[in-house]
Each structure stands twice: as structure tokens, then as C-alpha cells.
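Novice:
Residue numbers (my numbering): 211 to 365.
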């Protein structure tokens, strides 16, 4: 029987070895990386933050779907030390009051992230949101509109 090995044998000792290989691969690429799938803020420690800062990054996305996620988000943004335009933050809205959603969106801004509002939609039905919710999501999913709002200008 002839066995052909298609993939190289794994020689990693730890999961971090694999992560470092991914960062090494990304450093060799000519294009700037986009982490649109989102990174888990609570997993960004100093080592990961240093690795991320060593890359050419166009944007990376974190998430702030609840108020409880704000503390680890703030820690991750502080560790990353990147410009706001590079640190986008998915913010799931629509399960709370408009005021509570706006409060979380502005909290993300003050932590140093650029919010990207997304209206909650359950898997089993379509929620038709009122105009106010749609306007809030529109303002907070477009960087220019978000920046204008935070400067005190209405969109």
C-alpha cells in the first residue's frame, strides 16, 4: 500500500505556535490584513497585541454586543494602541432601548474604537425596525456619519 502525505506533519507544541505561524505568514503578505471576522477582545493579551501591531492592518473588528463586553473591549483597544479608524467594533443593537443603544455606541467611541452598529435580527423571523432605529444604525455604521455625530453635527 502506497501512502502519500499531502499535508506537512504538524510540529506545533502549543496552539500559540500555530498563531505565531499565522502572524509570520501575514507579515510576509504585501496586502494589508483585514480581520473582518472579528477578534475576541478578551483574548487579546500583550503578546497578541504586539503581534497584531507588527502587521500591516487595514482594519480589525472586535465586538461589543452587551455592556459586559465593554471592559474587555477597552482593555483590548488600549493594548492594541492603534488608530480608531483601524479598530472597528461590531455593536449589536435593537434588543434594548434607543438610549441604551446610543450609550453603548458612544462608550465604544470613548474607548477608542470606531463603532459599526448592526440591528439584531433573529434567525427565525425578520424584525422591521422603526425609522429611529434604522437611522441610529445608519449613523453608527458609516464612519463619516459617526465622526460627524461625535463632533456634534447631525447626519
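Every residue gets a Cβ at the ideal spot worked out from N, C-alpha and C, and that includes glycine. Quick caveat, the model's predicted, so the values are computed rather than measured.
Is residue 356 near residue 325, with beta carbons less than 8 Å apart?
Specialist: Residue 356 sits at position 146 when you count from the first residue of the chain shown. Residue 325 sits at position 115 when you count from the first residue of the chain shown. Yes.
Novice: Go ahead and pull the three-state DSSP assignment for residue 353.
Specialist: Residue numbering aside, residue 353 sits at position 143 when the chain shown is read from its first letter. It is helical.
Novice: From residue 308 to residue 343, what distance separates their C-alpha atoms?
Specialist: Numbered from 1 along the chain shown, position 98 holds the residue referred to as residue 308. Numbered from 1 along the chain shown, position 133 holds the residue referred to as residue 343. Whole-angstrom Cα-Cα distance: 7 Å.
Novice: So the candidates are 244, 246, 297, 261; which of them puts its Cα closest to the Cα of residue 231?
Specialist: The count along the chain shown starts at 1 and reaches residue 231 at position 21. For the residues 244, 246, 297, 261, the minimum Cα distance to residue 231 belongs to 261.
Novice: The alpha helix (DSSP H) that contains residue 285, what's its start and end?
Specialist: Here the question's residue 285 lines up with position 75 in the chain shown. Run containing residue 285: 280-290, per the alpha helix (DSSP H) assignment.
Novice: Could you give the first and the last residue of the continuous beta strand (DSSP E) run that contains residue 298?
Specialist: Taking the first residue of the chain shown as 1, we reach residue 298 at position 88. Taken as a continuous stretch (DSSP letters only), the beta strand (DSSP E) holding residue 298 covers 297-303.
Novice: Does the beta-carbon distance from residue 283 to residue 272 come in below 8 Å?
Specialist: Along the chain shown, read from residue 1 onward, the residue named residue 283 stands at position 73. Along the chain shown, read from residue 1 onward, the residue named residue 272 stands at position 62. Contact flag set, yes.
Novice: Please report the straight-line C-alpha distance between residue 322 and residue 268, rounded to a whole angstrom.
Specialist: On the chain shown, residue 322 is found 112 positions in, with the first residue counted as 1. On the chain shown, residue 268 is found 58 positions in, with the first residue counted as 1. If I take the Cα positions, the gap works out to 16 Å.
Novice: Measuring CA to CA, which of 245, 266, 257 is closest to residue 237?
Specialist: By 1-based counting over the chain shown, the position of residue 237 is 27. With distances taken between Cα atoms, residue 237 lies closest to 266.
Novice: Since residue 324 sits in a beta bridge, which residues does DSSP pair it with?
Specialist: Working through the chain shown from its first residue, we reach residue 324 at position 114. Answer by DSSP bridge pairing, in chain order: 298.
Novice: How many Å lie between residue 358 and residue 275 at the Cα?
Specialist: Within the chain shown, the letter at position 148 stands for residue 358. Within the chain shown, the letter at position 65 stands for residue 275. The alpha-carbon atoms of residue 358 and residue 275 are separated by roughly 23 Å.
Novice: Beta carbon of residue 311, beta carbon of residue 280: below 8 Å?
Specialist: Along the chain shown, read from residue 1 onward, the residue named residue 311 stands at position 101. Along the chain shown, read from residue 1 onward, the residue named residue 280 stands at position 70. Taking 8 Å as the Cβ cut-off, residue 311 and residue 280 do not qualify as a contacting pair.
Novice: Which first and last residues belong to the beta strand (DSSP E) in which residue 267 is found?
Specialist: For the purposes of this step, residue 267 is taken as the residue at position 57 of the chain shown. Its beta strand (DSSP E) spans residues 267-273.
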